[in-house]
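Contents: one structure, followed by commentary.
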Amino acid sequence: MGNADSKLNFRKAVIRLTTKTQPVETTDDAFWDQFWADTATTIQDVFALVPAAEIRAVREESPSNLATLCYKAVEKLVQAAESGCPSEKERQIVLNCTRLLTRILPYIFEDADWRGFFWSTVPGARQDEGNDDGARPLAESLLLAVSDLLFCPDFTVQSHKRAGPDAEEDMQSIDSCEYIWEAGVGFAQSPPLDYIHDLNRTELLKLLLTCFSDAMYLPPSAENNILNRWVTFFSSTDNRHALPLFTSLLNVVCAYDPVGYGIPYNYLMFSDYREVLVEHAVQILIVTLEHEAGAAADTAQHNLDHLHSLSASAMEDKELVGPDNLFVNYLSRIHREEDFSFILKGLARLMTNPLIQNYLPNSTKKIQFHQELLVLFWKLCDFNKVWTGALSPASPHSYIEGYNSAVLALILS
Numbered sequence: 013m014g015n016a017d018s019k020l021n022f023r024k025a026v027i028r029l030t031t032k033t034q035p036v037e038t039t040d041d042a043f044w045d046q047f048w049a050d051t052a053t054t055i056q057d058v059f060a061l062v063p064a065a066e067i068r069a070v071r072e073e074s075p076s077n078l079a080t081l082c083y084k085a086v087e088k089l090v091q092a093a094e095s096g097c098p099s100e101k102e103r104q105i106v107l108n109c110t111r112l113l114t115r116i117l118p119y120i121f122e123d124a125d126w127r128g129f130f131w132s133t134v135p136g137a138r139q140d141e142g143n144d145d146g147a148r149p150l151a152e153s154l155l156l157a158v159s160d161l162l163f164c165p166d167f168t169v170q171s172h173k174r175a176g177p178d179a180e181e182d183m184q185s186i187d188s189c190e191y192i193w194e195a196g197v198g199f200a201q202s203p204p205l206d207y208i209h210d211l212n213r214t215e216l217l218k219l220l221l222t223c224f225s226d227a228m229y230l231p232p233s234a235e236n237n238i239l240n241r242w243v244t245f246f247s248s249t250d251n252r253h254a255l256p257l258f259t260s261l262l263n264v265v266c267a268y269d270p271v272g273y274g275i276p277y278n279y280l281m282f283s284d285y286r287e288v289l290v291e292h293a294v295q296i297l298i299v300t301l302e303h304e305a306g307a308a309a310d311t312a313q314h315n316l317d318h319l320h321s322l323s324a325s326a327m328e329d330k331e332l333v334g335p336d337n338l339f340v341n342y343l344s345r346i347h348r349e350e351d352f353s354f355i356l357k358g359l360a361r362l363m364t365n366p367l368i369q370n371y372l373p374n375s376t377k378k379i380q381f382h383q384e385l386l387v388l389f390w391k392l393c394d395f396n397k398v399w400t401g402a403l404s405p406a407s408p409h410s411y412i413e414g415y416n417s418a419v420l421a422l423i424l425s
């Protein structure tokens, strides 16, 4: 009954927003909190209770209210990223704001007059200390907040704090490299599985993919052949979580085993929350790795060719200049045999998944993101020449044996 009341209240709030003819003040928290503070809606609820026609109606008839709704939702995420959302209510607010933005953003992008809205500055907002360039654009605030929340203890990662009243973790001082989601490349510890953390990560990754979809709404023309500003900022040095994010996404994908313990038809009895996370993780990876285009790609490729001509010790030099896209940079630097072994075995396990139907039809889970895996495999070959050399049949590495034939069988099937 409580859930039904929550949906009804959320729907009433949407109706009030669509019928408002006058701008609602940003300070009217009683009105804006209806959308996230007093509701517990799923992503399916948000899509059902916020129709596309009503979003477009607010955009055309009350643009200031739509702008304020987006600003207030981002503001809540920024506040949660700063506080670490220690309470259950704050975590629910984060999820509600995330789902609402995931629903609204495409209708911002589809309108040419609104396309620059998230890249405008917000009156009264201040840039980081020591930076006098003015207020930070709303898009940057959103991307930084989501990146912080992806490494938020007890929300998306396991907390490392000790028991006691003085053991609270400061979000701004957290070293997110200690909170990488899965063991693998560059990280040896395997955190305990928590399906709640997986669900929360998935919600945030959905929002990131929605942000990156900006380019889908641009008409094809020479003027629009520019880099996506959302991806540019997310994969730049401005994002302090770029390395742990890249490593977490890659490790989650390569460590995933859809077969599990190998019990036939086990996927019919248990829900696999990690599969959705893995699918969104590989999608984020290929979007960020696809970002180098045109002259930027030529420059990146030149830097990569120079990078791979150096010794392994030089490749680990932190001062070495690589592509501006940190995701491409990090991918190109992978060179340890144990890392290659982990990636190869992980990709082989996933890419040959359709072939594992030997005795009992449909007895094992069949993944649905083979195309994304093939694109990731191609990007590895494109940006990491050491990887390409390791795939050669003449490679002396024992862990390559059997891999090429499996991948070739899948591609030809």
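Per the working numbering, the sequence shown starts with residue 13, numbered consecutively. Just so it is clear, CB atoms sit at the ideal spot from N, CA and C, and this is done for glycine as well.
Status (buried if at least 16 other CB within 10 Å, exposed otherwise) for residue i
i	result
Ser202	exposed
Met363	buried
Lys391	buried
Ile296	buried
Gly96	buried
Leu20	exposed
Ser344	buried
Ser233	exposed
Ala402	buried
Ala324	Low local confidence applies: a pLDDT of 48 at Ala324 is under 50, so the model's placement there is unreliable, with the coordinate-based value given in what follows. Exposed.
Pro204	exposed
Gly358	buried
Gly196	buried
Thr249	exposed
Glu73	exposed
Leu367	exposed
Ser132	exposed
Pro256	buried
Val222	Looking at the sequence itself, residue 222 is Thr, so the reference to Val does not match. By the 10 Å Cβ count, Thr222 comes out buried.
Cys109	buried
Ala305	Bear in mind that the predicted position of Ala305 carries a pLDDT of just 48, short of 50, making it unreliable; the figure below should be weighed with that in mind. So Ala305 ends up on the exposed side.
Glu190	exposed
Lys377	buried
Ile238	exposed
Gly142	With a pLDDT of only 44 at Gly142, under 50, the local geometry of the prediction cannot be trusted, and the value read off the model is given with reservation. So Gly142 counts as exposed.
Glu100	exposed
Selection from the options that minimises the alpha carbon distance to residue i
i	options	result
Pro98	Ser74, Asn21, Asp182 and Glu66	Asp182
Asn365	Glu302, Pro270, Val288 and Asn240	Pro270
Ser171	Asp206, Arg345, Phe199 and Lys391	Asp206
Leu78	Thr51, Gln56, Glu94 and Leu112	Leu112
Thr38	Glu215, Ile208 and Tyr83	Tyr83
Pro165	Leu154, Glu152, Trp193 and Leu156	Trp193
Ser225	Thr244, Leu211, His209 and Thr376	Thr244
Ile186	Thr259, Ala200, Leu89 and His253	His253
Ser153	Val90, Trp126 and Gln184	Val90
Phe167	Leu29, Gly198, Leu216 and Leu61	Leu216
Phe199	Asp394, Arg348 and Phe47	Arg348
Ala65	Ile116, Ala124 and Lys218	Ile116
Arg68	Asp336, Leu211, Leu162 and Trp126	Trp126
Thr51	Thr114, Glu350, Lys32 and Ser18	Ser18
Ile355	Gln56, Ala42, Ala267 and Ala293	Ala267
Phe388	Val340, Arg71, Asp45 and Asp284	In the sequence as presented, Phe is not what sits at residue 388; that position holds Leu. Checking every option, the nearest Cα to that of Leu388 belongs to Val340.
Asp123	Tyr229, Lys377 and Leu338	Tyr229
His303	Ile346, Thr259 and Phe246	Phe246
Leu220	Asp160, Tyr285 and Val70	Asp160
Asn212	Thr53, Leu162 and Lys397	Leu162
Assumed close pair residue i, residue j - CB separation to whole angstroms, cut-off 8 Å
i	j	result
Val264	Val290	6 Å
Phe130	Pro149	7 Å
Ile105	Trp48	5 Å
Leu61	Arg28	Not quite, the Cβ-Cβ distance comes to about 13 Å (not below 8 Å), so this is no contact.
Start and end residues, alpha helix (DSSP H) containing residue i
i	result
Gly358	Glu349 to Met363
Gln91	Pro75 to Ser95
Arg213	Tyr207 to Phe224
Ile105	Glu100 to Phe121
Leu297	Tyr285 to Leu301
Ala200	Premise fails: Ala200 is in no alpha helix (DSSP H) and is neither H nor E.
Arg345	Leu338 to Arg345
Arg241	Arg241 to Phe246
Glu190	Per DSSP, Glu190 belongs to no alpha helix (DSSP H) and is neither H nor E.
Val265	Ala254 to Ala267
Gly401	Lys397 to Ala402
Gln56	Ile55 to Leu61
Phe43	Asp41 to Trp44
Residue i Cβ short of 7 Å to the ligand MG heavy atom set
i	result
Phe245	The ligand MG is absent from the structure shown, which contains no ligand whatsoever.
Contained alpha helix (DSSP H) runs [length at least 4] in the stretch 148-172, N- to C-terminal order: Qualifying alpha helix (DSSP H) stretches, in chain order: 150-161.
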